[in-house]
Amino acid sequence: MSTIFGSFEIAKSGLSVAMLQLNVTEQNIANANTKGYTRQRAVTSAVEPNSSNYLIAPRHAALVGQGVEVINVTQIRSDYLDAQYRKLNTDYYTNESIDQALTYLNGVFNELDEDAGLTTAIKNFYSALNTFSSDPSSHEFRTNVQQQAQALTDTFNTIYDEMRSLWEDQNASIRTDVEQINSYAEKIAALNLAIARAVQADAATNDLKDELNLLLDELSGYVSIEYKFNENQTVDITIGGNVLVTGRQFSRIDMASPVENAEAIDGLTQEIAGLNAQIAAALEAGEDIAELETQLQEKIDELSEYLSVTVETDADTNQRSVFFEGVALVSGAEARASREAVETNLEAWVAFHSNTLTLNGETLDFDGAITGGRLYGHVRMATSLRSDAQGIPFYMNQLNELARGMARDINAIHREGWTYPSGGTLSQTGINFFHVPGSLDEEGSPLYDYSTVTAGNIRLSEEVLASPNFIAASSETVNLEAGVTESGNNVVARALYGTLSKNGYFDKLNSIVADLAIETDTVRNIMATKDTLVTSVDTQRMSLSSVSMDEETTNLIMFQQTYNACARVVTTISDMIDTLVNRMGV
182 MSTIFGSFEI AKSGLSVAML QLNVTEQNIA NANTKGYTRQ RAVTSAVEPN
232 SSNYLIAPRH AALVGQGVEV INVTQIRSDY LDAQYRKLNT DYYTNESIDQ
282 ALTYLNGVFN ELDEDAGLTT AIKNFYSALN TFSSDPSSHE FRTNVQQQAQ
332 ALTDTFNTIY DEMRSLWEDQ NASIRTDVEQ INSYAEKIAA LNLAIARAVQ
382 ADAATNDLKD ELNLLLDELS GYVSIEYKFN ENQTVDITIG GNVLVTGRQF
432 SRIDMASPVE NAEAIDGLTQ EIAGLNAQIA AALEAGEDIA ELETQLQEKI
482 DELSEYLSVT VETDADTNQR SVFFEGVALV SGAEARASRE AVETNLEAWV
532 AFHSNTLTLN GETLDFDGAI TGGRLYGHVR MATSLRSDAQ GIPFYMNQLN
582 ELARGMARDI NAIHREGWTY PSGGTLSQTG INFFHVPGSL DEEGSPLYDY
632 STVTAGNIRL SEEVLASPNF IAASSETVNL EAGVTESGNN VVARALYGTL
682 SKNGYFDKLN SIVADLAIET DTVRNIMATK DTLVTSVDTQ RMSLSSVSMD
732 EETTNLIMFQ QTYNACARVV TTISDMIDTL VNRMGV
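Residue numbers for the sequence shown follow our numbering, beginning at 182 and rising by one.
Structure below.
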């Protein structure tokens, strides 16, 4: 049975525990508005009675325990709700970053404005062609066609430039995202170290864990992560199976863009072209080329450190042609400047200018390791040409196809027509309406490369830009000399106007705009759903983990009363001891 001094110790333990509970409650109240703070509770347990399993033990086993003790001060939070919140948070910011870019793209096309936009520019151009076909001899009508055509190409150019500007913003956002992720990784590794040391010293870790969980919440908004808590309360984090943080060690996501090394790339392609020329000369002279081929392969290997290239070997000359995303950088003894070479090939241009991300030597891309978060959204919008994951390059490519198709269709008809003679210049045929690079085949016939025509560089031919009289309207030569009746006709002008309905340019443009609108609505709806779910889960988390002032005030009163009651027990025992010592036998 408990002695009188044992009872004193029981009351004393109650005082100590009540005081600690009051301190925990005060800490909760003080941090009620602290972001990321998790409310705490002192976990208590009754102290067991003295055991009788000793060699020397009391005659009567203790029937009452020895008071109360605090086992731990724990946080009240749910790992399940934390995991749900972070997954939904990743999904929300994935769609938010995509929605921001798509919203800007909708503004770039500006098809809702009747006085602006590409639809209006096409409509005005064909309206001018229709009027022109009624009187091809009218200088006013010709000038109007020229001006509206110029306005059309300017609109194409402006929209394309705006899309490129948006692309550059997305690419810059990737760099910002990566820097932020690396910063979080460094901070989490530092917290892991602090937590491990605190656990080893048997010190409190709750405040450090609050910081850690807050960083995990914020990191989940930037990239999809997998994480695992260890026995020592530290956390390990991976991205797509690639280690970002393990214990106190962390890895950085590295960024590199081929365009940053354009000078080095151009230097190597020049050397490769030079070695090709030396090999050709050596073969012609009957000399050995083994050493030259070794040097050539070394230069190609060096180039491969900057670019993912493919190499073709000419069986006759042993010269190497080097390609990047299908674009020739080296052909025989000729090398092209890399920036210029990729300019008109969208896929190559995107690959050349985009940031390539690596973690521990493994490439991170949006359809591989990166599956969500702001980084996923920005990488997708900056790199994807796919219809099932539409990015800015997808819409740039669609716009290029529209501009390229118009240039090809109109030029094919215009070259068959005859221009209007003026200022001593006779009627001519074979004139392009839009500029397109060309060359001559073996028979001297012109070859035109429309693959180089983009919405960004489409423009009028030099002839049409110089004078509206170079706009061909007639299927026959036009001769205005006195006594000659060859005044021409409007057959070509009508055919030019007919390309509008025949080739469905409005349908193609509407398809682009409709795809954009549907994708925007889809992403926006998903974002709204994820926002609702994030809010719901976060509300559940907060109801469990955040500080309730009503509850803490109730606890404050309860623990205060417990403290007062234990103090009263101490006073009572003190009176009993006084009676025992000073009043017995009186």
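Don't be surprised by glycine CBs; every beta carbon is placed ideally from N, CA and C. The structure displayed is predicted, hence computed values, not measured ones.
So, with DSSP's three-state summary, where would you put residue i?
i	result
MET757	helix
GLU657	coil
MET436	strand
LYS711	helix
TYR266	helix
ASN253	strand
LYS216	coil
ASP495	coil
SER188	helix
ASN423	strand
ALA663	The predicted model places ALA663 with a pLDDT of 49, which falls under 50 and marks its position as unreliable, so this point remains unresolved.
GLN414	coil
LEU510	strand
GLU733	helix
LEU538	strand
PHE431	strand
TYR487	coil
LEU566	coil
TYR408	strand
ALA516	strand
MET182	Its pLDDT being 45, under 50, MET182 is placed unreliably in this model, and the coordinates cannot settle the point.
SER648	coil
VAL224	strand
TYR403	coil
GLU543	strand
LEU347	helix
Exposed or buried, what is residue i when buried is set at 16 or more other beta-carbons lying within 10 Å of its beta-carbon?
i	result
THR475	exposed
GLU412	exposed
GLU700	buried
ARG220	buried
MET757	exposed
VAL762	exposed
PHE186	exposed
LYS390	buried
GLY572	buried
SER364	exposed
LEU347	buried
ILE738	exposed
THR666	For THR666, the predicted model reports a pLDDT of 44, less than 50, meaning its position is unreliable and no value from the coordinates is stated.
THR680	buried
THR713	exposed
GLN202	buried
MET723	exposed
Keeping to the same chain, check which residues put their C-beta closer than 6 angstroms to that of residue i; ignore five residues upstream and five downstream.
i	result
GLN451	ALA516
ALA514	ALA454, ASN457, ALA458
HIS616	ARG640, SER642
LEU395	GLY217
ILE252	VAL224, SER226
GLN609	THR600
SER401	ARG267, ASN270, THR271
GLU506	GLU528, ALA529, ALA532
ILE191	GLY248
PHE313	PHE322, VAL326, ALA674
ALA663	With a pLDDT of 49 at ALA663, under the threshold of 50, the predicted position of this residue should be treated as unreliable, though the coordinate-derived value follows. So no residue of the chain qualifies.
ARG520	ALA443
LYS409	ASP417
ASN743	According to the sequence displayed, residue 743 carries Thr and not Asn. Same-chain partners within the cutoff: ALA199.
GLY558	THR275, SER278, ILE279
Let me see if you follow: with CB-CB separation under 8 angstroms, is residue i close to chain C or not?
i	result
ASN541	Judged by its chain identifiers, the structure shown contains no chain C, having just a single protein chain.
Please return the same chain residues whose Cβ sits closer than 7 angstroms to the Cβ of residue i, not counting the five positions on each side in sequence.
i	result
ASN423	LEU540, ASN541, GLU543, ALA550
GLY246	ALA227, VAL228, GLU229, PRO230
LEU374	ARG429
Once you ignore the five residues that flank residue i on each side, which residues in its own chain have a CB closer than 8 angstroms to its CB?
i	result
VAL492	ILE481, ARG501, SER502, VAL503, PHE504
ASN287	LEU697, ALA698, THR701
VAL167	One cannot answer for residue 167 here, as it falls past the ends of the chain, which runs 182 to 767.
Counting only runs of 4+ residues fully inside the stretch 571 to 603, write out the alpha helix (DSSP H) ranges in chain order.
573 to 595
Check whether the stretch 248 to 262 and the stretch 711 to 723 are in contact - that is, three or more C-beta pairs closer than 8 angstroms.
yes
Assess, as a yes-or-no matter, whether the stretch 306 to 319 is touched by the stretch 329 to 343 under the definition of 3 or more beta carbon pairs within less than 8 angstroms.
yes
Inter-stretch contact (C-beta, 8 angstroms, three-pair minimum) for the stretch 685 to 704 and the stretch 576 to 596
yes
In the stretch 274 to 328, which residue ranges form an unbroken alpha helix (DSSP H) of at least 4 residues, counting only runs that do not cross its ends?
298 to 315
Segment contact flag, the stretch 676 to 690 with the stretch 585 to 597, C-beta cutoff 8 angstroms, min 3 pairs:
The stretch 676 to 690 is in contact with the stretch 585 to 597.
Using 8 angstroms as the cut-off, can you tell me whether the stretch 315 to 322 makes contact with the stretch 378 to 386, which would need three or more C-beta pairs spanning the two stretches below that distance?
no
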